[in-house]
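Residue numbers for the sequence shown follow the UniProt record's numbering, beginning at 1 and rising by one. Comments concern the structure below.
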Amino acid sequence: MAREQALLSTEIVNRGVEPSGPDAGSPTFSVRVRRRLPDFLQSVNLKYVRLGYHYLISHGVYLATIPVIVLVCGAELGSLSRDELWAKVWGEATYDLATVLAFLAVLAFTISVYIMSRPRPVYLIDFACYKPADALKVSKAEFIDLARKSGKFDEESLAFQSRLLAKSGIGDESYMPRCVFEPNANCATMKEGRAEASTAMFAALDELFDKCRVRPKDVGVLVVNCSLFNPTPSLSAMIVNHYKMRGNILSYNLGGMGCSAGVIAVDLARDMLQASGAGLAVVVSTEAVSFTWYPGKRRSMLIPNAFFRAGCAAVLLSNRRRDFHRAKYQLEHVVRTHKGADDRAFRSVYQEEDEQRIKGLSISRDLLEVGGHALKTNITTLGPLVLPFSEQLLFFAGVLFRHLFPASSKAAAAAPPPGEGEEASSAAAPYIPDFKRAFEHFCMHAASGDVLEHLQANLGLRDADLEASRAALHRFGNTSSSSIWYELAYLEAKGRVRRGDRVWQLAFGSGFKCNSAVWRAVRRVRRPARSPWLDCIDRYPARMDA
Numbered sequence: 001m002a003r004e005q006a007l008l009s010t011e012i013v014n015r016g017v018e019p020s021g022p023d024a025g026s027p028t029f030s031v032r033v034r035r036r037l038p039d040f041l042q043s044v045n046l047k048y049v050r051l052g053y054h055y056l057i058s059h060g061v062y063l064a065t066i067p068v069i070v071l072v073c074g075a076e077l078g079s080l081s082r083d084e085l086w087a088k089v090w091g092e093a094t095y096d097l098a099t100v101l102a103f104l105a106v107l108a109f110t111i112s113v114y115i116m117s118r119p120r121p122v123y124l125i126d127f128a129c130y131k132p133a134d135a136l137k138v139s140k141a142e143f144i145d146l147a148r149k150s151g152k153f154d155e156e157s158l159a160f161q162s163r164l165l166a167k168s169g170i171g172d173e174s175y176m177p178r179c180v181f182e183p184n185a186n187c188a189t190m191k192e193g194r195a196e197a198s199t200a201m202f203a204a205l206d207e208l209f210d211k212c213r214v215r216p217k218d219v220g221v222l223v224v225n226c227s228l229f230n231p232t233p234s235l236s237a238m239i240v241n242h243y244k245m246r247g248n249i250l251s252y253n254l255g256g257m258g259c260s261a262g263v264i265a266v267d268l269a270r271d272m273l274q275a276s277g278a279g280l281a282v283v284v285s286t287e288a289v290s291f292t293w294y295p296g297k298r299r300s301m302l303i304p305n306a307f308f309r310a311g312c313a314a315v316l317l318s319n320r321r322r323d324f325h326r327a328k329y330q331l332e333h334v335v336r337t338h339k340g341a342d343d344r345a346f347r348s349v350y351q352e353e354d355e356q357r358i359k360g361l362s363i364s365r366d367l368l369e370v371g372g373h374a375l376k377t378n379i380t381t382l383g384p385l386v387l388p389f390s391e392q393l394l395f396f397a398g399v400l401f402r403h404l405f406p407a408s409s410k411a412a413a414a415a416p417p418p419g420e421g422e423e424a425s426s427a428a429a430p431y432i433p434d435f436k437r438a439f440e441h442f443c444m445h446a447a448s449g450d451v452l453e454h455l456q457a458n459l460g461l462r463d464a465d466l467e468a469s470r471a472a473l474h475r476f477g478n479t480s481s482s483s484i485w486y487e488l489a490y491l492e493a494k495g496r497v498r499r500g501d502r503v504w505q506l507a508f509g510s511g512f513k514c515n516s517a518v519w520r521a522v523r524r525v526r527r528p529a530r531s532p533w534l535d536c537i538d539r540y541p542a543r544m545d546a
């Protein structure tokens, strides 16, 4: 019971003056009980730590054994004098031409197989983020005004969305398609969806091809992800048709995979580059806001209205070694976590119809808790791959202690949180790894202000670490799977990315999934001449709370 209570938070909400009824004219209040994001590290599962170390060992065993072999051989050779070594090599051995040729052939074959089987590094040459026209800007006040004029919402639904907007972390310059506010019209039509998706995708791709000086026919792999809008022909086919791409292109269209699909698309493009040797791959991440719009009364389905905004990102990847000198980043790791086996996680973000058979995206009250468990699993697996050895040692010691002495761990978890001025026992408190020692930059999916605050508290991050995420949320809103690219564009526009810096992109979405991508900057990234932040970068971060 104590552990369940620790996941709950209470909030007293002033609902204003009662307009009618027996209590008319009197102020009314309500107590809101909601779930908090669970502490990632109070209940880390040891199997995910083992999984992370399995990834590390499977890739590092060769580098670990080669130094040992060199040391053993060096010690053996060092104990011999020059005459003794010469005698062993030439005096005590006899060679013929066939033996020498056979040895050289085997050596050459072994080296060739190693070089050919070794996966090529995948580079990010450049990316582009779509910036909609100023005519699509909508402030929070204008949002409510247009929603009221559309005639699709009652006053109670409008008040609920207004409260969500007030604490969403979104500013007054995000973008929305105007079709969602049209009176008595269905915005989720194929025509509106195709128009919205094509405008965003083609604008981002035009900028990408121009910046990288790449012809569309040079692209060998195309991966497009859009969760809710999946027409026939697909969005990837629309791109192939528009740019007249080559006939043997490997194209993929990912649908229904939520806000974490951008990392999934990068992972798929990497695998296709390694398997096919296509050379260049393009990843397009977008979402059709007109298909997330819900004109009904169910509150769980009204939440996406307040958060999702228009956005799109296009990324150019390459596994050609000659592209190293013009690339910005190299892909280091991708770690994917899927909690779909759990029914609560599976239904936490669920598209369905309400009682009036109006289709919408339902957000469960369990979302924060489900997302917390998925994040916990993901970072536990990622940790051994990226954390310094000292951090791994302290973290693993804490996990091992809780695994060997579960009674002490349960007692510590059931204990009430320390009050103000008190500190938790050092033996009971879990060690939180310092991810700032593993990464210089953080691009956390800008879902909402509350989610970012809980992430910051649980991971021990500073305000500066989540500056890019909060800025992207404030300026562009929740742009779904493309939000992590708007955040990286923010860091580049600030001129903060230097050679060797590591960037952690973390996103989560329906299913329930949590995915991480780790990039390393191969050169100093200068401020781009084209960016969605150019006209407003100097106003951040000071303006984020405006």
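Here a beta-carbon is modelled for each residue, glycine too, at the ideal position from N, C-alpha and C.
*Which of the three DSSP states, helix, strand or coil, is assigned to ARG3?*
For the purposes of this step, residue 3 is taken as residue 3 along the sequence shown, with counting starting at 1. Reliability fails at ARG3, whose pLDDT of 49 lies under 50, so the model's placement of it is uncertain and no value is given.
*Is the number of C-beta pairs between the stretch 316-336 and the stretch 120-134 that are closer than 8 angstroms three or more?*
Taking 8 angstroms as the limit for Cβ pairs, the verdict is that the stretch 120-134 does touch the stretch 316-336.
*Considering HIS454, what are the terminal residues of the alpha helix (DSSP H) in which it resides?*
To locate residue 454, count along the sequence shown from 1; it is residue 454. First-last of the alpha helix (DSSP H) with HIS454: 449-459.
*asked:* Please state whether the Cβ-Cβ distance between ALA310 and VAL283 is less than 7 angstroms.
replied: The residue given as residue 310 occupies position 310 in the sequence shown. The residue given as residue 283 occupies position 283 in the sequence shown. With a cutoff of 7 angstroms on beta-carbon distance, ALA310 and VAL283 are scored as not near each other.
*For the stretch 282-360, which segments carrying the alpha helix (DSSP H) assignment without a break, of at least 4 residues, lie completely within its bounds, in sequence order?*
The qualifying runs are 299-307 and 343-346.
_Burial state of GLN356 (16 or more Cβ within 10 Å)_ = As a first step, residue 356 is located in the sequence shown; it is residue number 356 there, counting from the start. Exposed, because fewer than 16 other Cβ atoms sit within 10 Å of the Cβ of GLN356.
*Cα-Cα separation, TRP504 to VAL497*: Taking the sequence shown and counting its residues from 1, one reaches residue 504 at position 504. Taking the sequence shown and counting its residues from 1, one reaches residue 497 at position 497. Distance between the alpha carbons of TRP504 and VAL497: 12 angstroms.
_Exposure label - PHE109; buried when at least 16 CB within 10 Å_ = Along the sequence shown, one-based indexing puts residue 109 at 109. Around the beta carbon of PHE109, a 10 Å sphere encloses fewer than 16 other beta carbons of the protein chains shown; the residue is thus reported as exposed.
_Can you list, in chain order, the residues of its chain with a C-beta nearer than 6 angstroms to that of PHE153? Leave out the 5 residues immediately preceding and following it._
Residue numbering aside, residue 153 sits at position 153 when the sequence shown is read from its first letter. If we look at PHE153 and ignore the five residues flanking it on each side, its Cβ neighbours are ALA147.
_Separation of PRO541 from ASP501, as counted between CA atoms_ = Position 501 of the sequence shown, counted from the first residue, corresponds to residue 501. Position 541 of the sequence shown, counted from the first residue, corresponds to residue 541. Cα to Cα, the separation comes out at about 21 angstroms.
*Cβ shell of TYR329 (< 6 angstroms), same chain only, five flanking positions each side left out*: Residue mapping note: residue 329 aligns to position 329 of the sequence shown, counting from 1. Excluding residues within five positions, the ones whose Cβ falls inside 6 angstroms are LEU124, TRP519 and ALA521.
*Proximity winner among ALA278, GLU352 and CYS536, relative to ALA493 (alpha-carbon distances)*: Taking the first residue of the sequence shown as 1, we reach residue 493 at position 493. Of the listed residues, the one whose Cα sits closest to ALA493 is CYS536.
*Coil, strand or helix - ILE537 by DSSP*: The residue given as residue 537 occupies position 537 in the sequence shown. DSSP places ILE537 in helix when its eight states are reduced to three.
*Determine the burial state of ARG246: buried for a count of at least 16 other Cβ atoms within 10 Å of its Cβ, exposed for fewer.*
Translated into positions along the sequence shown, residue 246 becomes position 246. Taking a 10 Å sphere around the C-beta of ARG246, we find fewer than 16 other C-beta atoms and assign the residue as exposed.
*asked:* Threshold first: 3 residues or longer. Then list the beta strand (DSSP E) segments lying entirely within the stretch 464-525, N to C.
replied: 502-509 and 513-521
*Sort ALA98, ARG524, ALA203 and SER157 by Cα distance to MET301 and report the nearest one.*
Looking up residue 301 in the sequence shown gives position 301. Per the Cα distances, SER157.
*Counting along the chain, where does the beta strand (DSSP E) carrying PHE129 start and finish?*
Within the sequence shown, residue 129 is the residue found at index 129, counting from 1. The residue asked about is misnamed: residue 129 is Cys in this sequence, not Phe. Run containing CYS129: 123-129, per the beta strand (DSSP E) assignment.
*beta-carbon LEU317 near the ligand MN non-hydrogen atom, thresh 6 angstroms*: Among the components of this structure there are no ligands whatsoever, and the ligand MN is therefore not found.
*Do ALA471 and VAL263 have their C-beta atoms within less than 7 angstroms of each other?*
Numbered from its first residue, the sequence shown carries residue 471 at position 471. Numbered from its first residue, the sequence shown carries residue 263 at position 263. Using a Cβ distance threshold of 7 angstroms, ALA471 and VAL263 do not count as a contacting pair.
_ASN251 and SER236 closer than 7 angstroms at C-beta_ = As a working mapping, residue 251 is identified with position 251 in the sequence shown. As a working mapping, residue 236 is identified with position 236 in the sequence shown. It is worth fixing the name first, because residue 251 is Ser in this sequence and not Asn. Going by C-beta atoms, SER251 is nearer than 7 angstroms to SER236.
*At a cut of 8 angstroms, does the stretch 359-374 reach the stretch 291-307 through at least three beta carbon pairs?*
yes
*Whole-angstrom distance between PHE307 and LYS149, CA atom to CA atom*: Your numbering for residue 149 matches position 149 in the sequence shown. Your numbering for residue 307 matches position 307 in the sequence shown. Each residue's Cα considered, the two are about 20 angstroms apart.
*asked:* Looking only at its chain, what residues have a beta carbon closer than 7 angstroms to the beta carbon of MET238, apart from the 5 residues adjacent to it on each side?
replied: Here residue 238 is taken as the residue at index 238 of the sequence shown, counted from 1. Result list for MET238: SER198, in chain order.
*How many Å lie between GLN456 and ILE379 at the Cα?*
The count along the sequence shown starts at 1 and reaches residue 456 at position 456. The count along the sequence shown starts at 1 and reaches residue 379 at position 379. GLN456 and ILE379 have their C-alpha atoms spaced approximately 14 angstroms apart.
*Look up SER150 in the DSSP assignment and say whether it is helix, strand or coil.*
For this step, residue 150 is matched to residue 150 along the sequence shown. Reduced to three states, the DSSP call for SER150 is coil.
*What separation, rounded to the nearest whole angstrom, lies between the Cα atoms of residue 599 and ILE111?*
The question about residue 599 has no answer, for the chain in this structure spans 1 to 546.
*By DSSP, does ILE170 sit in helix, in strand, or in coil?*
Against the sequence shown, residue 170 aligns to sequence position 170. The answer is coil: DSSP assigns ILE170 none of H, G, I, E or B.
*Closest by C-alpha distance to ASN305, when choosing among SER448, PRO384 and MET201*: Locating residue 305 in the sequence shown gives position 305, where the first residue counts as 1. The option with the nearest alpha carbon to ASN305 is SER448.
*Grouping DSSP H, G and I as helix and E and B as strand, with all else coil, what is LEU235?*
As a working mapping, residue 235 is identified with position 235 in the sequence shown. Residue state, collapsed to three classes: helix.
*Please report the residue range of the beta strand (DSSP E) in which HIS445 lies.*
If you number the sequence shown from 1, residue 445 lands on position 445. Per DSSP, HIS445 lies in no beta strand (DSSP E) and is assigned neither H nor E.
_Close beta carbons around ASP465, own chain, < 6 angstroms, minus the five adjacent residues each side_ = Your numbering for residue 465 matches position 465 in the sequence shown. PHE442, listed in sequence order.
*asked:* With a threshold of 7 angstroms on Cβ separation, who are the neighbours of ILE57 within its own chain once the five nearest residues in sequence on each side are excluded?
replied: If you number the sequence shown from 1, residue 57 lands on position 57. Residue confidence for ILE57 is low, a pLDDT of 48 falling below 50, so the modelled location carries little weight and cannot support an answer.
*Return the chain-ordered list of same chain residues with a C-beta closer than 6 angstroms to the C-beta of PRO218, the five sequence neighbours on each side being excluded.*
The residue labelled residue 218 in the question sits at position 218 within the sequence shown. In the sequence under discussion, the amino acid at residue 218 is Asp, which differs from the Pro named in the question. Contacts found: LEU280.
*VAL221 beta carbon less than 7 angstroms from that of ALA159*: Along the sequence shown, one-based indexing puts residue 159 at 159. Along the sequence shown, one-based indexing puts residue 221 at 221. Not a contact, by the Cβ cut-off of 7 angstroms.
*Name the DSSP beta bridge partners of HIS441, please?*
Position 441 of the sequence shown, counted from the start, is the residue given in the question as residue 441. DSSP output for HIS441 lists VAL503 as bridge partner(s).
*Are there 16 or more other CB atoms within 10 angstroms of the CB of SER515, so buried, or fewer, so exposed?*
Within the sequence shown, residue 515 is the residue found at index 515, counting from 1. A small correction: the amino acid at residue 515 is Asn; Ser does not occupy that position in the sequence shown. So ASN515 counts as buried.
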